[in-house]
Structures are given as structure tokens and as C-alpha cells.
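A.B. asks:
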Amino acid sequence: MTDPLRRAAALVAKDLRLWARSPASVFFTLGWPLAIAFFFGLVFGGGGRQGPLPVAVVLEDAHPLAERLVASIERHPALAVRRLDRAAAEAELRRGRIAAAAILPPGFGARLAQSFRGEPATLRLLRDPARTAEALVLEGLLTEAGFRVAFASLAEAGSREEALAALRAGARELPGEPGLRLTEFLAALERLLSALPADADGTAAAAGWPPRPLAIATEAFSAEGRRPPSAFAVSFVQAMFWALLGAMMSVLSELVRERITGTWERLRTTPASVAEILLGKGVATMALMIAALGVVALAGLPFGVRPEDPLKLLAAAAGGAIAFTGLTLVFGTAGESMQAVHGTTWAVMLPLAMVGGGMVPLMLLPEWLAGISDLSPVKWTILALEGAYWRGLGWSELAPALGVLLLFGVATAGLGIVRILRRS
Amino acid sequence: MTPVVLLRDVSKRFGAVTALAGLSLEVPRGLVFALLGPNGAGKTTTIRLILGLISPDAGELEVLGGSPRDPAIRRRIGLAPQTIALYGELSARENLALFAALGGVPARVAAPRIEALLARTGLAERAREPVARFSGGMQRRLNLAAALVHDPELIVLDEPTAGVDPQSREAIFELIRELRREGRSVLFSTHYLEEAERLADRVAIVDHGRVLAVDSVGGLIERYGGPPRLTVEREDASEVHETAEPLALLLELAAKGPIRRFRLDPPRLDQVFLRLTGRDFRD
Chain A
4 MTDPLRRAAA LVAKDLRLWA RSPASVFFTL GWPLAIAFFF GLVFGGGGRQ
54 GPLPVAVVLE DAHPLAERLV ASIERHPALA VRRLDRAAAE AELRRGRIAA
104 AAILPPGFGA RLAQSFRGEP ATLRLLRDPA RTAEALVLEG LLTEAGFRVA
154 FASLAEAGSR EEALAALRAG ARELPGEPGL RLTEFLAALE RLLSALPADA
204 DGTAAAAGWP PRPLAIATEA FSAEGRRPPS AFAVSFVQAM FWALLGAMMS
254 VLSELVRERI TGTWERLRTT PASVAEILLG KGVATMALMI AALGVVALAG
304 LPFGVRPEDP LKLLAAAAGG AIAFTGLTLV FGTAGESMQA VHGTTWAVML
354 PLAMVGGGMV PLMLLPEWLA GISDLSPVKW TILALEGAYW RGLGWSELAP
404 ALGVLLLFGV ATAGLGIVRI LRRS
Chain B
289 MTPVVLLRDV SKRFGAVTAL AGLSLEVPRG LVFALLGPNG AGKTTTIRLI
339 LGLISPDAGE LEVLGGSPRD PAIRRRIGLA PQTIALYGEL SARENLALFA
389 ALGGVPARVA APRIEALLAR TGLAERAREP VARFSGGMQR RLNLAAALVH
439 DPELIVLDEP TAGVDPQSRE AIFELIRELR REGRSVLFST HYLEEAERLA
489 DRVAIVDHGR VLAVDSVGGL IERYGGPPRL TVEREDASEV HETAEPLALL
539 LELAAKGPIR RFRLDPPRLD QVFLRLTGRD FRD
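Note that the protein sequences, when read in sequence, are chains A and B. To convert, take the position in the first sequence, counting from 1, and add 3; that gives my numbering. To convert, take the position in the second sequence, counting from 1, and add 288; that gives my numbering.
(1) Keeping to the same chain, check which residues put their C-beta closer than 8 Å to that of B:LEU386; ignore five residues upstream and five downstream.
(2) Within the same chain, show all residues whose beta-carbon is closer than 6 Å to that of A:PRO55, passing over the 5 residues directly before and after it, in chain order.
(3) With respect to the beta strand (DSSP E) encompassing A:PRO36, which residues constitute its N-terminal and C-terminal limits?
(4) Just grab the DSSP bridge partners of A:PRO57 for me.
(5) If distances are taken between C-alpha atoms only, which option among A:ALA356, A:PRO123 and A:ARG425 comes closest to A:PHE244?
(6) Quick one: does A:LEU21 have its CB under 7 Å from some CB of chain B?
(7) For A:ARG426 and A:PRO354, I'd like the C-alpha separation in whole angstroms.
(8) Who are the near neighbours of B:PRO291 in its chain, counting only those whose CB is closer than 6 Å to its CB and skipping five residues on each side?
(9) Jot down the residue ranges of each uninterrupted beta strand (DSSP E) in the region 327-377 of chain A, minimum 3 residues, whole runs only, in chain order.
(10) If the cut is a Cβ gap below 9 Å, which residues of chain A does B:PRO344 touch?
(11) Given a cut-off of 7 Å on the beta-carbon distance, is the pair A:ALA324 and A:ALA246 in contact?
(12) Look up A:GLY112 in the DSSP assignment and say whether it is helix, strand or coil.
(13) When you compare only the Cα positions, how much space is there between B:GLN455 and B:THR409?
(14) Looking at the secondary structure, which residues open and close the beta strand (DSSP E) in which B:GLY410 lies?
(15) B:PRO534: which of B:PHE302, B:ALA399 and B:LEU518 sits nearest, CA to CA?
(16) Check this for me: beta carbons of A:THR336 and A:ILE280, under 7 Å apart or not?
(17) So B:GLU527 is in the beta strand (DSSP E); what residue range does that whole segment cover?
(18) Taking the alpha-carbon of B:GLU447 as reference, which of B:GLY513, B:GLU527 and B:ASN431 has the nearest alpha-carbon?
(19) Where DSSP assigns a beta bridge to B:ASP446, which residues make up the other side?
(20) Any beta carbon of chain A sitting closer than 7 Å to that of B:LEU339?
(21) Check whether the Cβ atoms of A:ALA391 and A:LYS315 lie closer than 7 Å to each other.
(22) How about A:GLY307: is its C-beta nearer than 7 Å to some C-beta of chain B?
(23) Hey, is B:ARG362's beta-carbon within less than 7 Å of any beta-carbon in chain A?
(24) Over the uninterrupted alpha helix (DSSP H) stretch that includes A:ARG71, give me the two end residues.
(25) Taking the alpha-carbon positions, what's the A:ALA148 to A:ALA74 distance?
(26) Mind checking which residues open and close the beta strand (DSSP E) that includes B:VAL305?
(27) Helix, strand or coil for A:GLU180 per DSSP?
(28) Does the Cβ-Cβ distance between B:VAL298 and B:GLY328 come in under 7 Å?
(29) Closer than 9 Å between beta carbons: that is the criterion. Which residues of the region 370-382 of chain B meet it against chain A?
(30) Tell me the rounded alpha-carbon separation between B:LEU481 and A:THR272.
(31) Please name the residues in the region 465-494 of chain B whose beta-carbon is closer than 9 Å to at least one beta-carbon of chain A, in chain order.
(32) In this structure, does DSSP put A:ALA226 in helix, strand or coil?
(33) Between which two residues does the beta strand (DSSP E) harbouring B:ASP495 extend?
(34) Beta-carbon within less than 7 Å of A:GLY307's beta-carbon, same chain only, minus the 5 sequence neighbours each way: which residues are those?
(35) Closer than 8 Å, Cβ to Cβ, to anything on chain B: give me those residues from the region 244-274 of chain A, in chain order.
(36) The region 303-334 of chain B: which residues have C-beta closer than 9 Å to a C-beta of chain A, in chain order?
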């Protein structure tokens, strides 16, 4: 090893030792980010498999179709349905234990059997005012179940007679050609339905009955084409940003302390040049940041947070570390005292984190704020890390983010070095 | 013999403040050399120039025959700054290992040298403890050891005993004497007269950014100290006289009336300073 390299290695080892022996630095580089990852991961749904929506059904009607509709929604995997009486359902709603309660009043089933003519069957939906979205989901599921039950009833001999009789009566009331054609259609429909084989439970017909004119295939879709597999996949990436920030603050503290205690000046009286001292500081900062990201990445494994491509994660981590190392060198010259340097750093980094998705996910930011996020290295760091974890970005798609981080890091490091040299 | 430090008519200003105003100095090789002066005299600026931390505005500067900015020259200089410039979270051994590596000492050479220095400074038993737990005196001794770990020819000590306990002070004095015995050159700044008197082979008196006089302590006193001081106490009063012939004066005074007690003080360094600067050293 050459002398300059040996000296730089000694400086790197010194900075890493100093970091490891400062409980506050270790906490803010690792403990705090991991706490954020766990907390927000859990708050926003943990493993991403949210439980079924808790709802209640108040069945006040003994008609078979009413019972069948309830049975239909009870089978739905997205719902956790409890049958309650009206008072109990209202009490559960007040306590916030259910999102909504569907009340099927007396006569509901009979009305549903004749739903192809006259007034529709009506059920009441009581919802928690704070959970409108969930109530709308339940409304949609109930509407679908109601249609299926009503159509299915046409395939059953008993209920078909009742329904078709009502329809025929309606057709007779239609004057002229339309009434005639509808009567012919109903006769043909009756023949068709009679010919359909019934299911084993006799509640619905096979062979495509009831017809489903519309099917909806639902899938989550992020702007880049993938979705985070869990809330932890989001919270651990945000934790990585906090780990970078924590490492940056601990290195900054040490930089200021070196100036205050005179060790910086003492280093400058050694044969090590300022360039070697800065190289040592920069390498130590980058190594610390990459190691911190590695620890956060390892901590994410038990929570199912796995990079799609470890190489891309390494590249993203290196990109983030380069950008934040540059910032460290700039902020290191922001003042003479610890308070001045920390104050300036927070004053700049908090807005950058805010607009860059370090505190609130980018998708939740107002449009005008998200528009200026391109200016923040935090955004590109998070985008690169998410690209490696779950956005499924190819190398060509990852390259712009990595390029921005590299350029940003080189520019800020250059500025920081110039300022340090001027002070020296 | 080429001096280890040579400054000729060096000036340095910081904004409106003139720190050095044509300072000239030669530090001979193998001696302990003191820069003596009150705070603000220009001692620290002189040391920072000698270490290459700042450049002179005017004048010539040569250290160990070259520029102090040259890494090869820096390798031959050891500095113990006025502040305890050590890493508090690192142990004594780790601090010394760091400065040895920065001084270009290979690890196999550094290890025994570090142990020897720890023993020499009385820190061997606490070599693995973080320096932050050390007393002020222990830190000061380690501060000095870190200046020696790369075996420099010229050792620069900025106020080496500032704020230390008497025991550590004596240990530092002894270490400096050992360095002289080893043939090294030691340049130290101080505002303690006693330190200069006890340690220095040569003393430069500095004030207002200039060297007012350079010589051995004895030489300075002889040249600038003036005559010895005779203090005579009578029944009702006491008198102080400066005279080159104290015995003759004493006999003359005794003839005038009874003397209860008398004391003869040889000239001291503070009188030299008073004569050179026109003010008391404590000003």
C-alpha cells in the first residue's frame, strides 16, 4: 500500500471507529431509521394483507332470496360479515368496530323476487362517517350480490313462476307491438330457463346463468408499473433515507468537533495532504452510509422486504451515499459551531425530504409539490432504492436516477471541497 | 550548522490586525528553544507559520532546510498543539497509532514505538481506555506523545503545560529534557517565565509581532536584566536599591544606621522583559 493510501485508510478507520463509539450516532444512523420502518410499516398495513372489511348484516326478512343474498356476501373473501340485530349493529358502528351495517327490512326478499318490474328492493346501509370508502365498497358488493341473486332466482322453478308472472303482467299493460314482442320474449325466456340444469343446492343455474355482462379484473398499478408488495417495502426504503441522514449528521458532528478541538488542524500538520484528509473523510462517510443501508436492508428481510436485484440495490445505495456524502462536505462548512452546522443542515434537509418523499410518500403529495420534487436528491435516492426493491426498473430505467445522484454528489462534493480548501 | 527554523523579516496580517511585524528568528539544531511572550505577542502565529498552516505575507521562511508545506519536511516535524487535539472516543494507543500512520510509520515499526511512548509518558496501564476519561494532565502528556510517535527531528510545542497539574508538568519537563539529550530540536511557546528559565537553552522574547531579544536565559539577564536588587529593612522602613556593587552599598547603608534585615536578589527574566518592553510581563 502506498503512503497516501495508508494514510487515507487510517483516516477512514478512525472515522468509522468514532462513529461506532458514539451511541447517539449509532442510534440515529440505525436505531431511529429501523424504528421508523417498523412503526410506519405496521401502521400502514404491515405485510400488505389487510384483514377483511368488518361489516354487519341485519336480516329482518325471512324470504329465501333475502337469506340467499346474505349468504352470498358472507362468502365474499373481502368481507367479515356478522349477523346482528339492529340495535347491536348500531352499537358496533358507534364503537367503530364495523365499517357499515346492511339492514334487509321485512318484505325485502319478496320485492327482490319481483325486481324486474316496479319498485326495486331496497336495503338500508348504515355507515361509519369516517369510513366512507369502505361503505362504498360494501355498497358495490351488495349491488352485485343483489343482481346475482335476482337473476339466479329466474332459473329456479318456484321463484321463476312468480317473477315471470309479474313480468308477463307488465307486458300486457304495454300497448301495441312492444307489449306483443315482450310477451313472446318472456315465453322464449321461460322455455330457456326451464331447460337449464339446476345446481346441486338449487340456488343457481349452471351453463352461464345468470349472465355476467361485465367482469372487473382489479390490480394495483403504480406509475412505474409495479406496486409495493407491502407497507414495509415502502417504510424500509424511507428508513434508508433516514439512515443516510443519520450517518450524515454523525459525520457532520465529528467534522465540527475536529475543528473545535483542533484535531483537524493537527491532521493538517501531518504529511497527509488536505486532499488525502478529505478523501479519507469522504470514503468513511460513503462506507458508513452503505453499511447503514446494508443493515436496514438486512433488517427488512424478515418482513419480506427483498430487493428484486441485489446488484441494483447496491448501485442505488452507492448513488444515495455519493449524493449524501457530497451534501455532508457542503454542510460541514456551513458554520463554525455545532449549532450552526446542525441548524443549517436541518433547515435544508427537511424541505428536501418533504418534497422528495422522505417523509410522506410522493404519491400523497399535492401535485404542485410533487412537481418540484425533481430538485431533491431525496426523491432520486428513494426512486432508485424503490426501483431496486419493487418498481421493477431495468438498468436503463434506473440509470437516470443513478446519474442524477452521481452528478449531484460530485457537484456538492466539489463545492464542499472548495469551501474547505478556502478555509484551510 | 543550518538552523532548523529560519524566519527573516516575516510579516503576517489578519485583516486589520498585524500579528507579525517583521519577525526574524533562527532556531539552532539540537537545542530547546523558547518563544516567550504574553498572550497576543505573536507566538502562535509564528508556530502556525513554521508548521505551514498559514503563509507569510512577506519575508522568508525555512524549516529543516525547506518549505513546511512539503510533506517530506512535515514528516520530520512533530506538533503538540495548545489544545488537546486528540480523539476522545479513541484509546491512547489508537490515537498514537493514527498519528503514526499519518506520519508514514509502518505498522511493525509503530507498534513497539507506541508501547515505548506510552511507558515513557506513564500511560501504559491505561492505554486501552478512551482518552476522554483521562485527566487533563494525562491528556496533555498523550498530546505530547502524539507529536513524537513518528520520530520527528523538530518538535514544536505550543504552550505545552497550559492548565496541567504540577505532577504532569514535571513529567512534561522531564520528557523535553530527554528529547534534548536525544539530540532533537525543540521549539516551544510559553507565557510562563519559569518554564523558559528551567527548560530553554535559548529564549526569544516576543512582543507585538517582533523578536525583541534572543539569547540563553543567563545571557538575556546579563544583557538586559540590570544590576542585582538589594532590599534593606530598618526598624521603621525598607529600601530597595539596584546596584552592581551590593557589598559596598550595604556597608555604606549600615554606616548610616542599624539594619534589621537585608536581601540580595539577582536579576530575573521578568526584569529582562520589563526592560525590553517597558511593561510588566503579566500585562
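Built from N, CA and C at the ideal position, the CB exists for glycine as well. For clarity, every value in this text was computed on a predicted model and none was experimentally measured.
C.D. replies: Concretely, from the data shown:
(1) Your numbering for residue 386 of chain B matches position 98 in the second sequence. The residues are TYR375 and LEU378.
(2) Sequence index remark: in the first sequence, residue 55 of chain A carries index 52 (1-based). These residues qualify, in order along the chain: ALA81, LEU82 and ALA83.
(3) Here residue 36 of chain A refers to the residue found at position 33 of the first sequence. No beta strand (DSSP E) holds A:PRO36; the alpha helix (DSSP H) holding it covers 35-46.
(4) Position 54 of the first sequence, counted from the start, is the residue given in the question as residue 57 of chain A. A:PRO57 is bridged to A:ALA83.
(5) Position 241 of the first sequence, counted from the first residue, corresponds to residue 244 of chain A. Here the closest residue by C-alpha is A:ALA356.
(6) If you number the first sequence from 1, residue 21 of chain A lands on position 18. At least one chain B Cβ lies under 7 Å of A:LEU21.
(7) If you number the first sequence from 1, residue 426 of chain A lands on position 423. If you number the first sequence from 1, residue 354 of chain A lands on position 351. Computed Cα separation, rounded: 28 Å.
(8) For the purposes of this step, residue 291 of chain B is taken as residue 3 along the second sequence, with counting starting at 1. The residues are GLU314, VAL315 and PRO316.
(9) none
(10) Here residue 344 of chain B is taken as the residue at index 56 of the second sequence, counted from 1. Going along chain A, no residue has its Cβ under 9 Å from B:PRO344, so there is no contact; the nearest lies around 16 Å.
(11) Taking the first sequence and counting its residues from 1, the one referred to as residue 324 of chain A is at position 321. Taking the first sequence and counting its residues from 1, the one referred to as residue 246 of chain A is at position 243. No, the Cβ-Cβ distance between A:ALA324 and A:ALA246 is not below 7 Å.
(12) Here residue 112 of chain A is taken as the residue at index 109 of the first sequence, counted from 1. Correct three-state label for A:GLY112: helix.
(13) The count along the second sequence starts at 1 and reaches residue 455 of chain B at position 167. The count along the second sequence starts at 1 and reaches residue 409 of chain B at position 121. Whole-angstrom Cα-Cα distance: 12 Å.
(14) Numbered from 1 along the second sequence, position 122 holds the residue referred to as residue 410 of chain B. Taken as a continuous stretch (DSSP letters only), B:GLY410 belongs to no beta strand (DSSP E), as it is neither H nor E.
(15) As a position in the second sequence, residue 534 of chain B is number 246, starting the count at 1. Closest by alpha carbon: B:LEU518.
(16) Here residue 336 of chain A refers to the residue found at position 333 when the first sequence is read from its first residue. Here residue 280 of chain A refers to the residue found at position 277 when the first sequence is read from its first residue. Contact: no.
(17) Position 239 of the second sequence, counted from the start, is the residue given in the question as residue 527 of chain B. First-last of the beta strand (DSSP E) with B:GLU527: 526-530.
(18) For the purposes of this step, residue 447 of chain B is taken as residue 159 along the second sequence, with counting starting at 1. Ranking B:GLY513, B:GLU527 and B:ASN431 by Cα distance to B:GLU447 puts B:ASN431 first.
(19) Within the second sequence, numbered from 1, the residue matching residue 446 of chain B stands at position 158. B:SER477, per the DSSP bridge assignment.
(20) Residue numbering aside, residue 339 of chain B sits at position 51 when the second sequence is read from its first letter. For B:LEU339, the answer is yes, since a Cβ of chain A falls inside 7 Å of its Cβ.
(21) Walking along the first sequence from the start, residue 391 of chain A turns up at place 388. Walking along the first sequence from the start, residue 315 of chain A turns up at place 312. Contact flag set, yes.
(22) By 1-based counting over the first sequence, the position of residue 307 of chain A is 304. No - not a single Cβ of chain B is within 7 Å of the one on A:GLY307.
(23) On the second sequence, residue 362 of chain B is found 74 positions in, with the first residue counted as 1. By this cut-off, B:ARG362 is an interface position.
(24) On the first sequence, position 68 is the one that residue 71 of chain A refers to. Taken as a continuous stretch (DSSP letters only), the alpha helix (DSSP H) holding A:ARG71 covers 67-77.
(25) The residue you call residue 148 of chain A lines up with position 145 of the first sequence. The residue you call residue 74 of chain A lines up with position 71 of the first sequence. Rounded to whole angstroms, A:ALA148 to A:ALA74 spans 10 Å at the Cα level.
(26) Counting from one through the second sequence, the residue named residue 305 of chain B turns up at place 17. Counting along the chain, the beta strand (DSSP E) containing B:VAL305 begins and ends at 305-315.
(27) Start at 1 with the first residue of the first sequence, and residue 180 of chain A comes out as number 177. Helix at A:GLU180.
(28) Here residue 298 of chain B is taken as the residue at index 10 of the second sequence, counted from 1. Here residue 328 of chain B is taken as the residue at index 40 of the second sequence, counted from 1. Result no, Cβ atoms of B:VAL298 and B:GLY328 do not sit closer than 7 Å.
(29) GLN370, THR371, ILE372, ALA373, LEU374, TYR375, GLY376, GLU377, LEU378 and GLU382
(30) Counting from one through the second sequence, the residue named residue 481 of chain B turns up at place 193. Counting from one through the first sequence, the residue named residue 272 of chain A turns up at place 269. Spanning the two alpha carbons is a distance of roughly 28 Å.
(31) none
(32) In the first sequence, the residue the question calls residue 226 of chain A occupies position 223. Since pLDDT at A:ALA226 reaches only 48, below the 50 mark, its modelled position is unreliable, and the value read off the structure follows with that caveat. Coil, per DSSP.
(33) The residue labelled residue 495 of chain B in the question sits at position 207 within the second sequence. First-last of the beta strand (DSSP E) with B:ASP495: 490-495.
(34) Along the first sequence, one-based indexing puts residue 307 of chain A at 304. Same-chain partners within the cutoff: GLY50, PRO232, SER233 and PHE235.
(35) THR264, GLY265, THR266, GLU268, ARG269, LEU270, ARG271, THR272, THR273 and PRO274
(36) none
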